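Enquirer:
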Ligand code: DGT
Ligand code: CA
Ligand code: CA
């Protein structure tokens, strides 16, 4: 897919334009990049079928951007980008990937110190060359080093959201081979962990050679680490590795269990097996030399006296005991979600109109969708002020009437995602907040406040009687930004006493709350909502990533308010 490549170029163009202090244009390129990233259709296909015209139909893409895409699709280059790059040959992705460094700072670092790569940035920071620069200072230098340290911890791991669609495509191809009888993903991907080290596939086949030939020559394979008759390993151009194992049918279940992991879960399970006088391996559950269970995962667990454990729970966090004693949670199901409460429309920085969002949500089988546009403090997203919110609410009421007249059992809810200011106040007047069906509040600025202040800030927001939900409560961005420095314990205490709902943001880079925090909330009786934070309708499809994390946090229907019947949800938000 060329979509991601063009999106990356547009993102970098946006950053270069910002360095040059150009107005508006950077935002337009950023928005276009966002649209391309989540576009369902392949740019190459679109162009082949409909030419320049088809490209211009993509939301946010005008004449000049369409021409640049055309140039890239036909020549493999984009001159506009190349000119920027020549003038300032920085590895922008690396440098701007550091939390403290934006385009303007990247420019200064290049012009003053010649810094082009992450390595050079780290060297300069360690040599204390950055603090003396105008507009930097000691704190910035420290933050840069801290940011680089954080990046290193995430190195070599990939976002589930980036990997899953690619892996799913390959899995489908494997399944379609006539030589393949069974195929599954295993490992962290099957457990739906938020980040993935490598992708693991298991296959049953009587002709392993053919399957291996196919696997190591897949389009996008840039390296073959190994090719055998039972195991092969490759690297894809996206930078991650994939293992494929061919398994005999009679031990498929045991292999699936073993290679799904986690390692910690397997170790604990093997101990249970040993305690009961068995031996457990990827080949099966054995009594002496006799296999007693191996063909299916269910058999292996059952023979050990355990209920089958959903892969999302297999982290050795108490699931084995629960399976032994019949106390596994009745996990939230992927089909249980009835609506999405965190969607941005074109009233603020989003791409589609509220009507288009409503249509897309109905297509997903939802009963409602909540429009939660940004509010005025967030200028970069065109946040709405009180007057605009009221006008938008009026439009929502009209749309609801239309839906009703058309006989559709579907409601658009009036929400907003207001900003929690540094002192914990909300950037919208109470009387307008009171006119909303619900109010989400989130931190979108000043992320680096001291712990006590940041904690107080969020608690103050929760104490506002109009605030129903806190969005992305810990502020982490996977592989990019650490959580805010907060006392989560105090925040959860306040969530409980104020009845505030905490968000599980399904956006693959956020997944915030994370699995462990979800589990804590569930145990404290704090209610949660799974939202996509979609800025364009294709992103409504990110919901399963949030559901997966909720499941990894042992969440049940009762814990998740958008799994409830609408009437109960509205009652709760009132
Ligand atoms: P990743 O790839 O880092 O995201 O995490 P996984 O869980 O996919 O780990 P991976 O790919 O190294 O191995 C796949 C599964 O194979 C793992 O979840 C459990 C099993 N496994 C691998 N090595 C060991 C081991 O040394 N002991 C045990 N008990 N299981 C292992
Ligand atoms: Ca793996
Ligand atoms: Ca692996």
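Numbering (this note's numbering), first residue to last: 154 to 727.
For glycine and all other residues, C-beta sits at the position ideal for the given N, C-alpha and C.
Computed from a prediction, not measured in an experiment: that's the story for all the values here.
#1: Using 8 Å as the cut-off, can you tell me whether the stretch 673-683 makes contact with the stretch 648-655, which would need three or more C-beta pairs spanning the two stretches below that distance?
#2: So does residue 691 have its beta carbon nearer than 8 Å to some heavy atom of ligand 3?
#3: Under the assumption that residue 249 contacts residue 256 (Cβ atoms under 8 Å), give the Cβ distance between them as a whole number of angstroms.
#4: Hey, is residue 355 close to ligand 1, as in C-beta under 8 Å from one of its heavy atoms?
#5: When you compare only the Cα positions, how much space is there between residue 239 and residue 663?
#6: For residue 552, which residues in the same chain have their Cβ closer than 8 Å to its Cβ, ignoring the five residues on either side in sequence?
#7: Please classify residue 682: does DSSP put it in a helix, a strand, or coil?
#8: Suppose you measure from the CA of residue 216 to the CA of residue 305; what does that come to, to the nearest Å?
#9: For residue 607, which option in 631, 636, 621 and 589 has the closest C-alpha, if you only look at C-alpha atoms?
#10: Could you check what DSSP says for residue 437 in three-state terms: helix, strand or coil?
#11: So what does residue 200 bridge to, in DSSP terms?
#12: Can you check DSSP and say which residues form a bridge with residue 634?
#13: Are residue 355 and residue 338 touching if we call contact CB-CB under 9 Å?
#14: Among the candidates 254, 401 and 644, whose CA atom is the shortest distance from the CA of residue 334?
#15: Between which two residues does the alpha helix (DSSP H) holding residue 650 run?
#16: For residue 692 and residue 701, what's the separation of their Cα atoms in angstroms?
#17: With respect to 8 Å, is the separation between the Cβ of residue 713 and the closest non-hydrogen atom of ligand 2 below this value?
#18: Quick check: what's the CA-CA separation for residue 667 versus residue 639?
#19: Should residue 487 go down as buried or exposed, given a rule of 16 or more other Cβ atoms within 10 Å for buried?
#20: Going by the DSSP bridge assignment, what does residue 354 pair with across the sheet?
#21: Do residue 190 and residue 155 have their beta-carbon atoms positioned less than 9 Å apart in this structure?
#22: Less than 9 Å separating the beta-carbons of residue 408 and residue 435?
#23: In terms of residue numbering, what span does the beta strand (DSSP E) encompassing residue 254 cover?
Expert: Walking through what the data contain:
#1: Touching, yes.
#2: In this structure, residue 691 has its CB at a distance of at least 8 Å from all heavy atoms of ligand 3.
#3: The Cβ separation is near 7 Å, so the contact holds.
#4: Residue 355 has its Cβ no nearer than 8 Å to any heavy atom of ligand 1.
#5: Put simply, the backbone Cα of residue 239 is about 33 Å away from that of residue 663.
#6: Answer for residue 552: 507, 508, 511 and 565, listed in chain order.
#7: Residue state, collapsed to three classes: strand.
#8: Answer to the nearest angstrom: the Cα atoms are 40 Å apart.
#9: Among 631, 636, 621 and 589, the Cα nearest to that of residue 607 is on 636.
#10: In the structure shown, residue 437 adopts extended strand secondary structure according to DSSP, grouped into three states.
#11: Looking at the DSSP output, residue 200 sits in no beta bridge, so it has no partner there.
#12: 630.
#13: Against a cut-off of 9 Å, the Cβ pair of residue 338 and residue 355 comes out as a contact.
#14: For residue 334, the nearest C-alpha among the options comes from 401.
#15: Segment 641-651, the alpha helix (DSSP H) holding residue 650.
#16: Between residue 692 and residue 701, the C-alpha separation is close to 16 Å.
#17: Checking the Cβ of residue 713 against ligand 2 gives no.
#18: Distance between the alpha carbons of residue 667 and residue 639: 15 Å.
#19: Around the C-beta of residue 487, fewer than 16 other C-beta atoms lie within 10 Å, and the residue is accordingly described as exposed.
#20: Answer by DSSP bridge pairing, in chain order: 338 and 397.
#21: Contact flag unset, no.
#22: By the CB criterion at 9 Å, residue 408 and residue 435 fall inside the cutoff.
#23: For residue 254, no beta strand (DSSP E) run applies, since DSSP gives it neither H nor E.
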